[in-house]
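These notes are about the structure you will find just below.
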Amino acid sequence: MRQIILGFTFSIALCAAASAQEIAPQTIQQAAELREQALKSDLAWKVLESLTTEVGPRLAGSDADKAAVKWGMAKFKELGFDKVWTEPVNIPVWQRIHQSAAVISPYPQSLNITALGGSVSTKQGGITAQIMHFATYEDLVAAPVGSAKGKIVYISNKMERHPSGRGYGKSGPARFLGPAEAARKGAIAIVIRSVGTDNQRSPHTGMTSYAQGVDKIPAAALSNPDADQLDRILLRKQPVTLKLDIKTAEQAQAISYNVIGEITGSERPQEIIAIGGHLDSWDQGTGAVDDGAGIAITVAAAKLIAEQQRPKRTIRVVMFAAEEIGVFGGNQYAVAHKDELNNHIIGAESDGGAGNVLALSSNVGRQSLHAIDAMLALMAPLTVVRSDKVAGGSADFGPMVKAGMPAVGLEQDHLVYFDIHHTPDDTLNKVVPAELAQNVAAWAIFVKIAADWKGRFDR
Ligand code: ZN
Ligand code: ZN
Numbered sequence: 002m003r004q005i006i007l008g009f010t011f012s013i014a015l016c017a018a019a020s021a022q023e024i025a026p027q028t029i030q031q032a033a034e035l036r037e038q039a040l041k042s043d044l045a046w047k048v049l050e051s052l053t054t055e056v057g058p059r060l061a062g063s064d065a066d067k068a069a070v071k072w073g074m075a076k077f078k079e080l081g082f083d084k085v086w087t088e089p090v091n092i093p094v095w096q097r098i099h100q101s102a103a104v105i106s107p108y109p110q111s112l113n114i115t116a117l118g119g120s121v122s123t124k125q126g127g128i129t130a131q132i133m134h135f136a137t138y139e140d141l142v143a144a145p146v147g148s149a150k151g152k153i154v155y156i157s158n159k160m161e162r163h164p165s166g167r168g169y170g171k172s173g174p175a176r177f178l179g180p181a182e183a184a185r186k187g188a189i190a191i192v193i194r195s196v197g198t199d200n201q202r203s204p205h206t207g208m209t210s211y212a213q214g215v216d217k218i219p220a221a222a223l224s225n226p227d228a229d230q231l232d233r234i235l236l237r238k239q240p241v242t243l244k245l246d247i248k249t250a251e252q253a254q255a256i257s258y259n260v261i262g263e264i265t266g267s268e269r270p271q272e273i274i275a276i277g278g279h280l281d282s283w284d285q286g287t288g289a290v291d292d293g294a295g296i297a298i299t300v301a302a303a304k305l306i307a308e309q310q311r312p313k314r315t316i317r318v319v320m321f322a323a324e325e326i327g328v329f330g331g332n333q334y335a336v337a338h339k340d341e342l343n344n345h346i347i348g349a350e351s352d353g354g355a356g357n358v359l360a361l362s363s364n365v366g367r368q369s370l371h372a373i374d375a376m377l378a379l380m381a382p383l384t385v386v387r388s389d390k391v392a393g394g395s396a397d398f399g400p401m402v403k404a405g406m407p408a409v410g411l412e413q414d415h416l417v418y419f420d421i422h423h424t425p426d427d428t429l430n431k432v433v434p435a436e437l438a439q440n441v442a443a444w445a446i447f448v449k450i451a452a453d454w455k456g457r458f459d460r
C-alpha cells in the first residue's frame with residue numbers, strides 16, 4: 002500500500018515537471034513567424050553595412066576600435082534596446098607598420114607577405130638569410146634543437162578546403178605555434194604559407210604567440226600563390242636566400258570595452274539568454290565576415306524578437322572586445338559576470354562568418370533536449386540539421402561554458418570562409434544577403450525558444 006501511494010505521488014510529480022517544461026504552442030508559432038520575417042528582413046545587412054562602412058577595419062586598441070565601441074553603443078540605442086552599457090577590458094596594443102619580403106637568390110623577386118599578429122620587427126633595414134624548408138609544423142617540431150640556427154624557417158603546408166572548416170585545426174598550428182618552435186630550433190625568422198584556402202595574393206594574418214624562454218622572432222605569412230612560387234624555387238635544389246623587412250609596434254596596455262545591449266524580459270528579467278559576436282577585427286580588411294557578420298546576425302535576431310513580443314527572459318547581446326588578439330573581451334566577461342553565471346540560462350556566439358547555418362550543436366542537460374529538438378524542427382525549412390559536436394560557446398563565450406553555462410552552436414558553412422579569413426579581402430561584398438538572413442532566422446528561433454520556454458538547460 003505504502004509503495005502504491007509512493008508510486009502515485011511520484012507520477013504526479015513527473016507529470017507536473019513535464020507540463021512545466023512544455024514549450025507553449027504560441028511560442029512555437031511565434032518562432033515560426035520570426036523565421037519567415039527574418040528571411041525577408043534586411044536588418045542584419047543594414048547593421049553590417051553600417052559597421053563596415055562607418056568604422057571599417059578595427060584592430061583592438063586602435064582609434065578605429067574606439068570608434069567601433071561608440072558605434073556599438075549608438076546602434077543598440079538606435080534599435081531601441083532597453084539597457085546599453087560598456088565594460089572595460091585591459092588589452093595589449095600591437096600595430097603593423099610595414100612588411101616586405103623578397104627572394105634575393107637564386108631568382109630575385111618580391112613576395113607578398115603579411116606580418117602575423119603580435120610579430121616583432123626585423124632589425125632596421127631587414128634581415129637576409131637562407132631558407133630552411135619544413136613541409137609541416139610537425140616536421141619542424143621533430144627537427145633537432147639548434148638545427149635552424151641563423152636560418153629563416155619556412156613551413157609550406159596547404160590548408161584543406163572543407164565545409165566544416167576542419168583544415169584550420171590542422172594547418173593553424175604553423176601560425177599559432179610555429180614562431181616559438183622555429184626560435185627553439187635557432188631560426189632568426191619564420192614565414193609560413195597562409196592558413197587559408199584561396200588562390201589570391203592576399204596573405205592571411207592572425208595571432209601568433211611566443212613562448213617563454215625563447216627569442217621572439219619576426220613572423221609572417223606568404224599569400225598562397227607566393228608560397229607556390231617559393232615551393233617551385235625550392236624544387237630547383239639550390240640554396241634560397243630571402244630578405245624580410247617587418248616593422249611593427251607594441252604599446253603599453255590600453256583599455257577597450259565589451260559593449261552590451263539588453264532587451265529586458267517581461268516575466269523573468271534576471272534570467273539571461275546571452276548571444277553576440279566580437280566587435281574587433283584584423284587591420285587588413287573591414288572585418289565583414291570576421292566578425293561583423295556575427296554582430297549583425299545577433300543584434301538583428303534580438304531586435305526582430307523584441308519587435309514581435311517582449312521576450313519572457315532577458316536577451317543580452319554582447320559585442321566582445323579584442324577577440325582576435327587573444328580573447329580578452331571573452332575572458333573579462335566571464336570574470337565580470339561570474340556571480341551571474343547561474344542566471345545565464347544559455348549562450349552562443351556567432352563567429353563563423355556569414356555563410357549559411359548548416360547544423361545546430363548543443364551542450365545542455367537531458368531535461369532540455371526536447372527544447373533543442375523543437376528548435377531543430379523549426380530550423381528544418383532552413384535546412385539546418387543536428388550536429389553531434391558539443392557546443393563550446395565559441396571563443397568569447399568559451400570561458401562561460403567552461404564555468405558551466407549551457408550553450409548551443411549554430412555551425413556555419415565554411416567552404417569559402419577561409420578564402421578571405423583575416424585577409425584584406427574580408428569586405429562587405431563577400432557577404433551574400435540571403436545567407437545572412439538565413440543566419441538571423443536560425444538565431445531568432447534559438448533565442449525565441451530559449452527566452453520564452455520556462456525550463457532550464459542546466460547540464
Ligand atoms: Zn572571429
Ligand atoms: Zn578572426
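Just add 1 to wherever you are in the sequence shown, counting from 1, and you've got my numbering. We put the beta carbon where it would ideally sit given N, CA and C, even for glycine. For clarity, every value in this text was computed on a predicted model and none was experimentally measured.
Expressed to the nearest angstrom, what Euclidean distance is found between the alpha-carbon atoms of Ile247 and Ala253?
-> 20 Å
Short Cβ contact (8 Å threshold) for Ala302 with Val441 = yes
Provide the residue(s) that pair with Phe77 in DSSP beta bridges, ordered along the chain.
-> In the DSSP output, where bridge partners are listed per residue, Phe77 has none listed.
Confirm the yes/no value for this check: CB of Asp66, any heavy atom of ligand 2, distance under 7 Å.
-> no
So, using beta-carbon positions, are Ala130 and Leu243 closer together than 8 Å?
-> yes
Beta-bridge partners of Val409, as assigned by DSSP | Ser363
Could you have a look at Thr265 and say whether DSSP puts it in helix, strand or coil?
-> coil
DSSP beta-bridge partners of Met1 = What the structure shows of the chain is the stretch from 2 to 460, and residue 1 is not part of that stretch, so it cannot be assessed.
Own chain residues within Cβ distance below 6 Å of Gly266, not counting five before or after | Pro312, Lys313, Arg314 and Thr315
Can you tell me the Cα-Cα spacing of Ala396 and Gly410, whole angstroms?
-> 11 Å
Mark Pro180 as exposed unless 16 or more other C-beta atoms lie within 10 angstroms of its C-beta, in which case mark it buried.
-> buried
So what does DSSP say about Gln213, is it helix, strand or coil?
-> coil
In or out: Gly126 buried (at least 16 other Cβ within 10 Å) or exposed?
-> exposed
Rounded to whole angstroms, what's the CA-CA distance from Ala323 to Arg269? Just pull it up for me.
-> 31 Å
Give me the Cβ distance between Gly288 and Arg97, rounded to the nearest whole Å; I'm assuming they're in contact under 8 Å.
-> That pair is no contact at about 15 Å.
Is the closest heavy atom of ligand 2 to the C-beta of His423 under 7 Å?
-> yes
Is any heavy atom of ligand 2 found at a distance shorter than 7 Å from the C-beta of Glu325?
-> yes
Within the present structure, is the beta-carbon of Asp291 separated from the nearest heavy atom of ligand 2 by less than 7 Å?
-> yes
Per DSSP, what kind of secondary structure is Phe419 in: helix, strand or coil?
-> helix
CB of Asp352 to nearest heavy atom of ligand 1: below 7 Å?
-> yes
Using a threshold of 7 Å, is the CB atom of His205 nearer than that to any non-hydrogen atom of ligand 1?
-> no
Cβ distance (whole Å) where Ser101 is taken to contact Ser111 below 8 Å = 7 Å
How big is the Cα-Cα spacing for Gln309 and Leu383?
-> 20 Å
State the Cα-Cα distance for the pair Leu49 and Ile326, rounded to the nearest angstrom.
-> 22 Å
For His279, is the beta carbon positioned less than 7 Å from some heavy atom of ligand 1?
-> yes
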